[in-house]
Amino acid sequence: MRLMVALAIVSSLVVPLAVPAEAQTRLPRTSPAERSTDDINRRIRQDQRILGVEQDIWSESSRIRQNVERDRLFAPRYLPPVPRAGCARGAVC
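For the sequence shown, the positions run 278 to 370 when our numbering is used.
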């Protein structure tokens, strides 16, 4: 019984491969309108990718600009060092 089931499974897989397919071997030609539509869609997708990259660049430069401005605003001010043991000889204190 197992042999018959195995033979049935194998034959169901092998028989479709042995019969030549009636499927079309070449794709039909695209019409000029289809080609034009494909070109337009391709250009739109390319423009959208470029726009996305430009937006990424703009937002990144804006973020960097904000960081620089914040660092300038909150940067510690330079204070000259204070002498510890009084004035040095010849210095005005």
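Cβ atoms here follow ideal geometry from the backbone N, Cα and C, with glycine treated the same way.
The structure presented is a predicted model; accordingly, all values stated were derived computationally and were not measured.
In angstroms with no decimal places, state the Cα-to-Cα distance between Ser-288 and Pro-305. Ser-288 and Pro-305 have their C-alpha atoms roughly 33 Å apart.
Between the C-alpha atoms of Thr-307 and Asp-333, what's the straight-line distance to the nearest angstrom? Rounded to whole angstroms, Thr-307 to Asp-333 spans 37 Å at the Cα level.
Taking the alpha-carbon positions, what's the Pro-309 to Asp-315 distance? For Pro-309 and Asp-315, the distance between alpha carbons rounds to 10 Å.
Where do the ends of the alpha helix (DSSP H) carrying Arg-354 lie? Unbroken run through Arg-354: none, as it is neither H nor E.
Taking 7 Å as the limit between beta carbons, can you name the residues of its chain near Ile-321, skipping five residues before and five after? For Ile-321, where only same-chain residues beyond five positions count, there are no Cβ hits under 7 Å.
To the nearest angstrom, how far is the alpha carbon of Val-345 from that of Ser-336? CA-to-CA, the gap between Val-345 and Ser-336 works out to about 14 Å.
Phe-351 versus Gly-329 - alpha carbon distance: Between Phe-351 and Gly-329, the C-alpha separation is close to 33 Å.
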